[in-house]
Amino acid sequence: GRIMDVLGRPIDEARPVEAAGTWEIHRAAPSYEDQSSANELLETGIKVIDLMCPFAKGGKVGLFGGAGVGKTVNMMELINNIAKAHSGLSVFAGVGERTR
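Just so we're aligned, residue 1 is where the sequence shown starts under UniProt numbering, counting upward by one.
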């Protein structure tokens, strides 16, 4: 993975980011016809999440909780498992304490 600022510039002192193209941040949402209407569940590879609060495939996921309960560990595990099992794309945005 890479570490970038909010404008997409690398800040991890590695090589420049090579991209085939770019997308605008503010763009029109896809039409309802182009969106999937299937109700599929995403297998995260974390048994308790898959059993107690399964995530919809193609949806957004956020973790909220108190200090020291493992939110970042869980999110990193989700990102790792989704990348390995589904060849998915994940974006992690640290908000608050993690971004200082």
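Idealized CB from N, CA, C, for every residue including glycine.
PRO30 has its alpha-carbon roughly 24 Å from the corresponding atom of ILE79. Taking LYS47 as reference, the option from PHE92, ASN74, GLY8 and ALA93 with the minimal CA-CA separation is ASN74. Residue pairing for LEU63: DSSP places it in no beta bridge. Distance from the CA of GLY68 to the CA of GLU77, rounded to the nearest whole angstrom, comes to 16 Å. Taking C-beta atoms as the reference points, ALA19 and LEU42 fail to come closer than 8 Å. Bridge partners of MET4 according to DSSP: PRO10. Rounded to the nearest whole angstrom, the C-alpha separation of ILE3 and TYR32 is 33 Å. Counting the other CB atoms within 10 Å of its CB gives ILE82 a total of 16 or more, which places it among the buried residues. ALA56 sits in a strand when the DSSP states are folded into three classes.
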